[in-house]
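>
See below:
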């Protein structure tokens with residue numbers, strides 16, 4: 025079996041469940057509170073063929089190295105390392121020109137991506153908030169595994185920086201979704217109508233895109249697949 029198994033005990037679990045997370049490749053074994061760990065691990069060992077098959081289907085890792093291509097706002101961008109150029113990456117058409125030494129290049133590119141994500145998402149949040157007639161107290165970014173955005177009752181909205189990698193309509197639909205929560209802190213029919221009004225289109229294709237392709241975005245910047 026490839027890699028360690030993360031064991032999670034869950035009071036709501038009624039049976040053992042084995043899963044390979046497509047976002048990080050980790051193998052998770054969920055158990056009822058009173059289940060035997062020894063028996064559970066033995067059962068998981070019997071599933072090694074299934075685990076290997078699931079791991080083989082994981083998205084490929086996409087390190088941010090010279091010559092690599094990565095998704096950015098719905099298009100493919102090439103990393104062009106030019107040591108004599110400015111250290112801060114600069115987007116030039118479909119090339120990201122990155123200066124400075126090779127050492128630390130990946131960190132500089134991710135820092136640039138995070139900055140672009142915050143800039144674009146802040147502007148789009150302000151646009152939709154004005155359209156909805158609501159205030160947003162703060163916009164921030166992070167790298168959560170389980171969600172693309174969240175809206176707190178305080179009015180603060182937090183996004184995954186990886187939305188900047190997705191096509192524009194996917195990112196904007198997510199922003200409309202979170203801004204709509206400033207009025208409806210639920211997923212009622214009224215909420216979904218508001219999302220569609222703000223987005224000015226049916227957001228369903230954007231949701232479907234994230235379900236199909238979202239896991240791959242979590243592998244951008246990863247040097248190698250989880251073992």
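Residue numbers (this note's numbering): 25 to 251. From the three backbone atoms N, C-alpha and C, an ideal C-beta is built for every residue, glycine too. Fair warning: this is a prediction, and the values are worked out from it, not measured in the lab.
1. Along the chain, which unbroken stretches of the beta strand (DSSP E) at least 3 residues long are found entirely within the region 95–136?
2. Go through its chain and collect everything with a Cβ distance to residue 95's Cβ below 6 Å, but skip five positions before and after it.
3. Leaving out five residues on either side along the sequence, give the residues of the same chain with a beta carbon under 7 Å from the beta carbon of residue 144.
4. Go through its chain and collect everything with a Cβ distance to residue 185's Cβ below 8 Å, but skip five positions before and after it.
5. So if DSSP puts residue 183 in a beta bridge, which residue, or which two residues, is it bridged to?
6. Are the beta-carbon atoms of residue 222 and residue 200 separated by less than 8 Å?
7. Rounding to the nearest angstrom, what Cα-Cα distance links residue 58 and residue 74 in this structure?
8. When the Cα atoms are used, what is the spatial distance from residue 180 to residue 76?
9. Under 8 Å, do residue 69 and residue 51 count as touching if we go by C-beta distance?
The structure says:
1. Entirely contained in the region 95–136, the beta strand (DSSP E) runs reaching 3 residues are, in chain order, 99–105, 114–116 and 119–122.
2. By one-based count along the chain shown, residue 95 stands at place 71. 189.
3. Looking up residue 144 in the chain shown gives position 120. In the same chain as residue 144, and ignoring 5 residues on each side of it, the C-beta atoms closer than 7 Å to its own belong to 188, in chain order.
4. To locate residue 185, count along the chain shown from 1; it is residue 161. In chain order, 137, 138, 141, 142, 165, 166 and 167 place their CB closer than 8 Å to the CB of residue 185, counting only its own chain and leaving out the 5 sequence neighbours on each side.
5. Counting from one through the chain shown, the residue named residue 183 turns up at place 159. In the DSSP assignment, the residues bridged to residue 183 are 165 and 173.
6. Reading the chain shown from its first residue, position 198 is the one you call residue 222. Reading the chain shown from its first residue, position 176 is the one you call residue 200. With respect to the 8 Å criterion, residue 222 and residue 200 are classified as neighbours on the basis of their beta carbons.
7. As a working note, residue 58 is residue 34 in the chain shown. As a working note, residue 74 is residue 50 in the chain shown. Taking the straight line from one Cα to the other gives about 25 Å.
8. Residue mapping note: residue 180 aligns to position 156 of the chain shown, counting from 1. Residue mapping note: residue 76 aligns to position 52 of the chain shown, counting from 1. Distance from the CA of residue 180 to the CA of residue 76, rounded to the nearest whole angstrom, comes to 41 Å.
9. Numbered from its first residue, the chain shown carries residue 69 at position 45. Numbered from its first residue, the chain shown carries residue 51 at position 27. Result no, Cβ atoms of residue 69 and residue 51 do not sit closer than 8 Å.
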